[in-house]
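Have a look at the structure below before the remarks.
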Amino acid sequence: MTQHDSPPVASLESGGPAIAPEVEEPPHEFVYEVVQGFFIQNGPEPKHIEFEDLLGKSFGLIDECPDRWHNLKASVEALQNKAPAGVIYKVLFLGRHGQGFHNVAESKYGTEAWEAKWALLNGDGELTWGPDPFLTPLGVSQAQAVNDTWRKEAPLGAPVKSGEMRWYCSPMTRTGETMETSWKGVVEEGERIEVWEDFREIYGVHTCDKRSTKSIIKERFPAFTIEDGLAEEDELWKPDDRETDEHMQFRARRAMDRLFGRRGAGKTCKPPSLACFDLRSTC
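According to the numbering used here, the sequence shown holds residues 645 to 927 in order.
Shown next, in the form of structure tokens:
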């Protein structure tokens, strides 16, 4: 299923970003399926759950007993033990970034005016939303609410210990801030949070979707590990070309292939909201 932008993004035929020869889509190693029966939001017909309700339900776990996390880990282990060769099970926690100043601006002007004019600018003299905006105070408090929930769930067996989980993040400032706040005091000392470019949302045209330089990312998030090959400047963002849904889904699939090609237990990713959608659309 493909998410459609409103208005539609530029197509490849109309001048959208082409896939360069060095990033042509290779044959995929994996076919992805969502395993039902563990999380409310992953049912046959995915349900929308309000943010506060999701936190109150242990991030959507159907099992509400005190041993819920131990049961989840045991169930995944049992599935893996019975799986034929080449079948891999992983639990992914996909987190959207907290409210950014670009979100406030779109609400202020409405989506139609935002897409037609304001998204192409850096600000309006009152708000600054580009490039690469920060979280608002509300956005920080949303990330803190996630942190509070992990702190509550960790003593009950949530898979946050070293060896149980790995952390991945988009290079956008709003996602880095969300990741830092969401996991402060929960991630063990020395654990790596890896920054992958493929986890960023649709790029191009909108100034809020232009990332900071690699140097600034390092300065803002010194504890993060930036993937090899991330360019100093944002070479993907163009002022007159918006990435297509199809190309973003290609990137999401490529990121999933990297995740499942690695050894590890649970994964937590902090991609932007559109990247979350396209990760789900690979299944």
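Just so it is clear, CB atoms sit at the ideal spot from N, CA and C, and this is done for glycine as well.
If you're wondering where the values come from, they're calculated on a predicted model, not measured in any experiment.
Local Cβ density within 10 Å of residue i, reported as buried at 16 or more and exposed below that
i	result
D853	buried
K844	Per the sequence shown, residue 844 should be read as Arg rather than Lys. Buried is the call here.
P728	exposed
H850	buried
E876	exposed
N725	exposed
A760	exposed
T888	buried
S859	exposed
I846	buried
T793	buried
P978	Past the boundaries of the shown model lies residue 978; the chain is included only from 645 to 927, so the question cannot be answered.
S751	exposed
P928	Beyond the ends of the chain as shown, which are 645 and 927, falls residue 928; an answer cannot be given.
L723	exposed
L765	exposed
G754	exposed
A896	buried
G774	buried
Reference residue i; option with closest CA among the options
i	options	result
I861	Y847, I837, V849	I837
R712	P781, A802, N766, P688	A802
G769	G754, A749, K796	A749
C813	T869, G774, N791, D792	T869
S826	V784, P710, A760, S856	V784
E696	A757, Q786, D842	Q786
D878	E890, S856, R897	S856
A867	D884, E833, L771	E833
K828	L800, R897, F865, Y847	F865
V720	E871, V735, E708	V735
G681	V675, E708, K752	E708
I706	A718, H714, F683	F683
L874	W762, R897, P815, F703	P815
D884	H741, I732, A763	A763
G848	F703, V675, K796, D776	D776
M809	Y676, P710, E871, K717	K717
Y733	R897, I693, R886, E677	E677
G742	G704, M823, K691, H714	M823
V675	E871, V731, W758, N715	V731
Beta-carbon contacts of residue i that lie in its chain and below 8 Å, excluding the five residues immediately before and after
i	result
E673	D901, F904, G905
V831	V804, W811, I837
F778	G744, F745, T817, R818, E821
N791	T825, S826, W827, K828, G829, V830
I693	I684, Q685, K701, G704
R795	G829, V830
W758	A749, E750
E756	none
E871	E838, V839, W840, E841
P688	Q680
N715	D707, C709
Identified DSSP bridge partners for residue i
i	result
T869	E838
G687	None, per the DSSP bridge assignment.
G704	Paired residue(s): none; G704 is not in a bridge.
T772	G767
D602	In the structure as shown, the chain begins at 645 and stops at 927. Residue 602 is therefore absent and cannot be evaluated.
L779	G744
Own chain partners of residue i with C-beta closer than 7 Å, once the 5 adjacent residues on each side are dropped
i	result
A899	W840, D842, F843
A789	L699
L771	F745, V748, A749
S702	R712, E797
P710	L800
Sequence-distant residues of the same chain with beta carbon closer than 6 Å to residue i, five excluded per side
i	result
L880	Y847
G704	F683, I684, Q685, L698
**In chain order, each beta strand (DSSP E) run of at least 3 residues that lies wholly inside the region 788 to 833** = Listed in chain order, they are 809 to 813.
**Request:** Scan the region 700 to 753 and note each continuous beta strand (DSSP E) run of 3 residues or more that stays entirely inside, going in chain order.
**Result:** 736 to 738
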